[in-house]
Structure formats: C-alpha cells, structure tokens
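Data first, discussion second: the structure below is written as structure tokens.
Number of protein chains: 2
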Amino acid sequence: MNHEATDAASRRAYHHGDLKAALLAEAETILEKDGIQALTLRAAARAAGVSHAAPKNHFGDLTGLLSELAALGFLRFSAALADAMTEAGDDPRQRIKAMGRGYVGFATTHPGLFALMFRSELLDYDRPALRDATLAARQALAAAVRARAPDPSAQPLQMAAQAAAFWSLVHGFATLRLEGRLNGMIGSLPGNETADSLLDAVLATIRVAD
Amino acid sequence: MNHEATDAASRRAYHHGDLKAALLAEAETILEKDGIQALTLRAAARAAGVSHAAPKNHFGDLTGLLSELAALGFLRFSAALADAMTEAGDDPRQRIKAMGRGYVGFATTHPGLFALMFRSELLDYDRPALRDATLAARQALAAAVRARAPDPSAQPLQMAAQAAAFWSLVHGFATLRLEGRLNGMIGSLPGNETADSLLDAVLATIRVAD
DNA sequence: CGAAAATGTTTCCATCGTAAACATTTGACA
DNA sequence: TGTCAAATGTTTACGATGGAAACATTTTCG
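Spelled out as structure tokens, the structure:
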C-alpha cells in the first residue's frame, strides 16, 4: 500500500497534486474564454477547486500568475515561429513571409495569451521563467531577420532598423487586428478580402533585397 | 446679489460648476502619473474633491469615463498628426516620415493616453464622442497615406496594404517602444543611438515610390 | 520517529464598481 | 415670481477583488 489516494479520492484530497499546472491551465481557459479582466486569482482558484488563497503558495500574487502564464505563451510562440520558419524552406522572401504569418497567426489563434504577453504593466519580466521565455522568442525572431539581409557589410543601425521594422510591422498588424481596428479597412475593400489576404499584401510590401 | 457663490465658497459649493471637465482633467493626470490601473472612478472623484458616486451623473460608469478620456486623446492625436503633416512640406517622403514621427511622438509624449486609446476592452467605441474622435484620427492617417502612393491606377488591395503596412509599422513601433521591448535592441547598438534615431532608420526602410 | 517545510484553508481588511435612496441646486414654465 | 421637475451630489450598502495573517494538513527528510 502506498500513500497515494485513489483517483476519485485524490480530487478531494487536501493536497492537489499539481496545483500550479492546474491553475495555469484554468487561467488560460478563463483568459481565452472571458478575457483578461475575468482572469483573477480567485476565478482561477475556483476553477481548480481550491480555496482562493491557495494560488499564493505557487505564484505569490496575481502578477506572478500572469507572468508564469505569459512565459508559457512565449514558449509556445517561439515554437510556432520556429515551425513556420522550417516549413518555409530556404528562400528568404518565403521565410520572412512565413514568419510574419506565424507571428500574426499566433496572435489570432491565442488572442488572450498574446495580449497578456505584451501587457508589461501586469507582468514581471524579471521572473526567471518569463525572462528565459522572452529571450527564446527574441532569438526566434532574430533568426528570421538574419535571413532577410544577407549583406554582412550592412551597418549595425541598418541591421537593427530592418529587424525593428519587421517586428513593428507584424506586431502592429497583430495588435490592430486583435483590437478590431482593421475591420473598417477590410470591410471597405472590394471582393471577399479577409484579414489574412490583407496580411499577405502587407507582407508583400517588405523589401527583402535592397 | 446673484446666486453665484464667491470663488472661495464655490470650491465647497454643492455643485461643482464643470465637474465633467474637472474629472477628465484629473483622470488624465492620474493616468499619466500612476498608470492606467490607478485610474479608477473613485480616484478621479477624490482628486476632484467630490463624492465617489458623483462621476456616475456624467459618465455612467467607468467605461464611460475612460471612453470620454480616450476621445479627448484621439482629438489631440489627430491634431498632432495634422501639425506634423503641415510642417513637413510637400515631399511625400518627408510627409510620410513626419507622420511616422508624429505618431510615435504622440505615444511617447502621452504614454498613458495612447495606451488607453487602444485598450478596446475598456472602451465603448460606439459612444458618439469616441466614435467621432476615432473617425477624425482615421482621416488624418489616411491623408498621409494618400500622399505616399500617387499612382491612381493602384489596385484597392494594394492601396489598403500600403495604408495598413504604414499604420502597422508606426503603431507597432510605438507599442513596442512604450512597453520597453526595444530597449535591448537599442542598448546593444554602437554609438549613442536612441529610440528616435532607430525610428528614423525604421522609417527610412519605407518604400515611397515603387 | 519527529521536526520543518510545503501546501491549503479560513478569516479578515481595504479598495473597487455599482445601485439605490436621499439631498440640494438649477432652470423652465405657469 | 413661485413652484415643480430635472440635474447634480451625497450617503449608504453590497458583492467582488487582492492580499495578509493565523491556522490546519500533508509531505519530506534528517
């Protein structure tokens, strides 16, 4: 006989088992279903079936919970970007387009998570988990931009400007799209244009080789 | 003898005089000084020296106050963009750069207001004041983009893509800058590069004439 | 085996948004 | 000019939140 309770009993056990992961999972569900303002410590605790003060042991405070969730988001984000790159082949033009679609696609697929990831006043970027996860995402993004400007003689400022311009472009598009600010523009286009086709047209404006 | 109280007495009068404007002014101060999370109905009421329920008469609820404040922001934003355009002269290249600097400059000068203006889950864009103000800003932005592509034979999708690309670029840059996400990139550049010089380099990547 | 650390619960407090009842002032109309 | 309705503020109250503190239970490890 071990000390483990049965499955049925473990649900009512004093100790949860893996409350931290459970809270993060419930938090993500709440975030994507009801928005960031509905994601409270108490709501996550309720969903996980524990007392409202239980999360404190694992996250400290609300910022802690949100930061850990954002870290998970950045890890998935990095993976999605890397996937987009590998599927794109070797053509720099295709790679940069794939990265842009991957960036905006992630934001569209996980709107709550994406919004949280860039809500810096709610997060503590010094938390190790979040710091590591944002670093991974930065590197994934940098890989795409390096493929864009193969000219090794470019000045650092110009290289940085290309990276910043690409990042700004896709981040701005994703943000405006999520906020619904592009709907008017898309609706006034002839034909059945969608946000995706507009994105393709936007990505086509990028100058890959100077 | 009229019914007006003296200045000294009027500060303690039952009726405020122009509480709506006073609340908006205090709200903006709180927003820029302590951030959006500190901007509460009760904090604004306290700053204006009225009871915590007084704002309800003028704004209904918190969304109402935030929406009116965002509307003020959009009006100032439109004016700033128009100013930047008029000062830029007639060269399309200069106009588009001026618009970009004006866009990011406004966000930098009024970080709280700018963030609020695009926090759509906190606002009611159907409020007349906010609807009108956002329309004005859209038109100011459209004016800049028209100057960029003088080719009347361009397809609507290409025109929209140029507009969306420019908007995404400057909005994304402004957002990332405000969130501090560009600091690492700027800090790793040689010389004394600033966010402003990076922005200039980013705007220089825009293709004005195809 | 037993103490210390982890993990959860309960209780409590200040703050918030909001509603409702009430008080005061203003303004329009007879 | 007098009066009454509307506009404007205040007070009181309620439920929800984040968080602190005291306490209970379980696990871990010396």
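Line by line, the protein sequences are chains A and B. The opening residue of the first sequence carries number 1 in my numbering; numbering runs sequentially from there. The opening residue of the second sequence carries number 1001 in my numbering; numbering runs sequentially from there. Glycine included, each C-beta is placed from N, C-alpha and C at the ideal position. Small disclaimer: the values here were computed from a predicted structure and weren't measured.
Check each candidate in the options and name the one with the smallest Cα separation from residue i.
i	options	result
B:Gly-1035	B:Ala-1084, B:Val-1104 and B:Ala-1115	B:Ala-1115
B:Met-1117	B:Ala-1165, B:Met-1099, B:Lys-1056 and B:Leu-1072	B:Leu-1072
B:Ala-1045	B:Leu-1023, B:Met-1099 and B:Ala-1129	B:Leu-1023
A:Ala-143	A:Gly-180, A:Val-104 and A:Ala-98	A:Ala-98
A:Phe-122	A:Ile-186, A:Asp-196, A:Thr-63 and A:Arg-207	One point to set straight first is that residue 122 of chain A is Leu, not Phe, in the sequence displayed. Out of A:Ile-186, A:Asp-196, A:Thr-63 and A:Arg-207, A:Thr-63 has the C-alpha closest to the C-alpha of A:Leu-122.
B:Ala-1165	A:Leu-130, A:Asp-132, A:Asn-192 and A:Ala-201	A:Ala-201
B:Leu-1203	B:Ser-1078, B:Ala-1154, B:Gly-1180 and B:Gly-1172	B:Gly-1172
B:Arg-1119	B:His-1052, B:Gly-1049 and B:Leu-1066	B:Leu-1066
A:Gly-60	A:Leu-41, A:Leu-169 and A:Val-50	A:Leu-41
A:Gly-100	A:Ala-174, A:Asp-126 and A:Arg-146	A:Ala-174
B:Glu-1028	B:Arg-1076, B:Gly-1184, B:Ala-1054 and B:Ala-1053	B:Arg-1076
A:Gly-105	A:Val-170, A:Asp-18 and A:Gly-17	A:Val-170
B:His-1074	B:Ala-1154, B:Glu-1179, B:Gly-1180 and B:Ala-1137	The residue you asked about is not His; residue 1074 of chain B is Phe in the sequence shown. Cα-wise, what sits closest to B:Phe-1074 is B:Ala-1137.
Which residues in the same chain as residue i place their Cβ atom closer than 6 Å to its Cβ, once the five residues preceding and following it in sequence are excluded?
i	result
B:Ala-1082	Ala-1140
B:Lys-1020	His-1058
B:Ala-1009	The predicted model places B:Ala-1009 with a pLDDT of 42, which falls under 50 and marks its position as unreliable, so this point remains unresolved.
A:Asn-192	none
B:Ala-1154	none
A:Ala-54	Ala-45
Quick one, are the C-beta atoms of residue i and residue j less than 8 Å apart?
i	j	result
A:Ala-47	A:Glu-68	no
A:Ala-161	B:Thr-1108	no
A:Trp-167	B:Leu-1198	no
B:Leu-1189	A:Leu-135	no
B:Gly-1112	B:Ala-1084	no
B:Leu-1217	B:Ala-1070	Past the boundaries of the shown model lies residue 1217 of chain B; chain B is included only from 1001 to 1210, so the question cannot be answered.
B:Asp-1133	B:Val-1145	Here residue 1133 of chain B turns out to be Ala, not Asp, going by the sequence shown. Cβ atoms of B:Ala-1133 and B:Val-1145: not closer than 8 Å.
A:Arg-127	A:Val-208	no
How far does the alpha helix (DSSP H) with residue i in it reach, from first residue to last?
i	result
A:Arg-76	62-87
A:Pro-111	111-117
B:Gln-1158	1156-1178
B:His-1052	Element bounds for B:His-1052: n/a, residue is neither H nor E.
B:Val-1202	1195-1203
A:Glu-28	19-34
B:Ile-1206	Element bounds for B:Ile-1206: n/a, residue is neither H nor E.
B:Gly-1184	1183-1187
Counting only the same chain and skipping the five closest in sequence on each side, list residues whose C-beta sits under 7 Å from that of residue i.
i	result
B:Ala-1038	Ile-1030
A:Ala-195	Arg-177, Leu-182 and Ile-186
Spatial neighbours of residue i within its chain, please: CB distance less than 8 Å, with the 5 preceding and 5 following residues excluded, ordered by chain position.
i	result
A:Glu-32	His-110, Pro-111, Gly-112 and Leu-113
B:Asp-1124	Thr-1063, Gly-1064, Ser-1067 and Leu-1130
At a threshold of 7 Å, does residue i count as lining the ligand SAM (C-beta to nearest heavy atom)?
i	result
A:Phe-173	Summarising the ligand content, the structure contains no ligands, and the ligand SAM is consequently not present.
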